[in-house]
Amino acid sequence: MIIKGKVWKFKDNIDTDVIIPARYLNTSDPKELALHCMEDYDSEFVKKMNQGDIIIAGRNFGCGSSREHAPIALKAAGVSCIIAKSFARIFFRNAINIGLSIFESEEIAEQCSGGDFLEVDTIKGIIKNINKDRAYKLNPLPAFIQNIISLGGLRKYVKEEVKRREVDV
Numbered sequence: 002m003i004i005k006g007k008v009w010k011f012k013d014n015i016d017t018d019v020i021i022p023a024r025y026l027n028t029s030d031p032k033e034l035a036l037h038c039m040e041d042y043d044s045e046f047v048k049k050m051n052q053g054d055i056i057i058a059g060r061n062f063g064c065g066s067s068r069e070h071a072p073i074a075l076k077a078a079g080v081s082c083i084i085a086k087s088f089a090r091i092f093f094r095n096a097i098n099i100g101l102s103i104f105e106s107e108e109i110a111e112q113c114s115g116g117d118f119l120e121v122d123t124i125k126g127i128i129k130n131i132n133k134d135r136a137y138k139l140n141p142l143p144a145f146i147q148n149i150i151s152l153g154g155l156r157k158y159v160k161e162e163v164k165r166r167e168v169d170v
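Numbered per our numbering, the sequence shown finishes at 170, counting up by one with no gaps.
The following block contains the structure:
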C-alpha cells in the first residue's frame with residue numbers, strides 16, 4: 002500500500018489525553034472523536050489537516066491511558082500513518098487493531114520536518130521525503146499485521162479469516 006501525505010510533527014510523550022481529551026470519551030463515534038482530535042495541543046489541528054496526512058513524532062507516542070479512542074480519533078481525523086521514535090505498546094497494538102499504519106523509526110523522526118511531503122510504501126518499508134529528495138528504509142511490518150491494516154483492522158481481518166476457514170473445511 003502506498004500512503005502519501007503532509008507531515009505533522011509532534012514532540013516526545015504525546016499521551017492519549019492529548020490525542021483525545023478525556024472529556025470526549027462519552028462517545029465512541031469516530032466522526033465525533035475526530036472533531037476533537039489533538040485540540041488541546043493545537044485547536045486548529047483538525048481544520049488544518051488533510052485526509053491522508055502523516056504524523057511524525059518523538060518517543061513514547063500514545064502513552065498514558067490505554068484507550069482505543071485515541072487511534073480511532075486520529076484515523077477518523079484523516080491521519081493515514083504515524084511514524085515515531087517509539088510508541089506506548091498498547092497504543093501501537095490499538096492502532097493496528099483499528100487499521101492505522103504505524104512504524105517506528107528514529108532516523109525518520111529526526112530528519113523529517115513539519116510540512117514535508119512523504120510517500121510511504123508500507124509493503125516494501127520505503128519512505129520517500131519528496132521535499133528533501135531522500136529515501137529511508139524501514140523494517141516492514143510482518144505480513145499478517147500488514148494484512149490486518151489493509152483490511153481495515155482486526156475485526157475485519159477476523160471476519161475474513163472465519164470466512165476463509167469455513168470455505169477450507
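Cβ coordinates follow ideal geometry from the N, Cα and C atoms, glycine included.
With a beta-carbon spacing of about 15 Å, A96 and A35 fall beyond the 8 Å limit used to define contacts. I131 is not a Cβ neighbour of V121, given a cutoff of 8 Å. Look at K125 here: in three-state DSSP terms it is coil, with no helix or strand label. Between the segment 108-121 and the segment 36-43, the count of Cβ pairs shorter than 8 Å is below three; the stretches do not touch. In the DSSP assignment, V47 falls within the unbroken alpha helix (DSSP H) covering F46 to K49.
In this structure, the alpha-carbon of G59 lies about 26 Å from that of N148.
The beta carbon of F88 sits closer than 8 Å to the beta carbons of N61, F62, G63, A96, I103 and E105 from its chain, once the five residues preceding and following it are set aside; these are given in chain order. Closest in C-alpha terms to V47, from the list A74, R24, Y25 and E162, comes A74. I55 is a Cβ neighbour of S81, given a cutoff of 8 Å.
Rounded to whole angstroms, the gap between the alpha carbons of N51 and E69 is 22 Å. For K7, the uninterrupted beta strand (DSSP E) segment begins and ends at I3 to K10.
Within the segment 85-110, the complete alpha helix (DSSP H) runs of at least 4 residues fall at 90-98.
Under DSSP, F62 takes part in a beta bridge, and its partners are F88.
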